[in-house]
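One structure below.
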């Protein structure tokens, strides 16, 4: 299903697995190149077949966080597309490297640990605010990519903001139909959903850290389309109006 389209890129989405985790493909309209975001359980065939049918080269796999239902197909896709990098928040990389939830997860090792320092090693982490709102920028092909860390659901839980380098600035719009033709898209993973938020009662999660992340999210000034890890699209403005309902419940 196509969930975003402007003059420069478009986004396809398909949910996979028991938890109906959204896998996204972000296609450049000016080149035959694409990004893969959160390939979950059973996503490999769809990703491979879609890229092959459109004669498109994958640039990278991006993981919003380390939970198994978002990263399950990393290993198979890395084997099939041998040269592409895998990007994952540093604090969640241990969830990819070991099956810490005993789900049978095929292990994968990130090529790039988002936010890691030079001598940092992959190790078990618990959510805290030390990396809150950390921003890391990357460019792959024509795509400008920003990882913004909002820990709590997982230690490295992040949103990924993507725009095309040729996109022109567009005025802020209020409704989803207008936002869907804007120049930026936020992939929120399991941090923010349509009228909901990610859980913070899992191992390695933290209610206190999640609350701090939501409070920071309230200060974002730019509205844009949100494509979450589960469920339907929403927007920054819509969810900022919902967050005050959730804060007292954490």
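Numbering (our numbering), first residue to last: 172 to 421. The beta carbon of each residue, even a glycine, is placed where N, CA and C say it ideally should be.
{"Query": "Which residues does DSSP pair with residue 229 in a beta bridge?", "Result": "205"}
{"Query": "What did DSSP end up calling residue 416 once you bin it into helix, strand or coil?", "Result": "helix"}
{"Query": "If you scan the segment 240 to 284 from start to end, which runs of the beta strand (DSSP E) of 3 or more residues do you find wholly inside it?", "Result": "257 to 260"}
{"Query": "In angstroms with no decimal places, state the Cα-to-Cα distance between residue 404 and residue 393.", "Result": "17 Å"}
{"Query": "Under a three-way DSSP split, which group does residue 373 fall into?", "Result": "coil"}
{"Query": "Helix, strand or coil for residue 342, going by three-state DSSP, please let me know.", "Result": "Residue confidence for residue 342 is low, a pLDDT of 43 falling below 50, so the modelled location carries little weight and cannot support an answer."}
{"Query": "How should residue 194 be labelled, buried or exposed, when 16 other C-beta atoms within 10 angstroms of its C-beta is the threshold for buried?", "Result": "buried"}
{"Query": "Taking C-beta to C-beta, are residue 302 and residue 320 nearer than 9 Å?", "Result": "yes"}
{"Query": "Which first and last residues belong to the alpha helix (DSSP H) in which residue 383 is found?", "Result": "378 to 388"}
{"Query": "Would you mind giving the Cβ-Cβ distance between residue 249 and residue 257, rounded to the nearest angstrom? I have them listed as a contact below 8 Å.", "Result": "6 Å"}
{"Query": "Within this structure, are the beta carbons of residue 365 and residue 419 separated by less than 9 Å?", "Result": "no"}
{"Query": "On the DSSP bridge assignment, give the partners of residue 357 in chain order.", "Result": "332 and 397"}
{"Query": "Please confirm whether residue 353 and residue 245 have their CB atoms less than 9 Å apart.", "Result": "no"}
{"Query": "Just the Cα atoms here: how many angstroms apart are residue 278 and residue 238?", "Result": "12 Å"}
{"Query": "Can you give the Cα-Cα distance for residue 293 and residue 283, rounded to whole angstroms?", "Result": "11 Å"}
{"Query": "Taking the DSSP output, what are the residues bridged to residue 307?", "Result": "318"}
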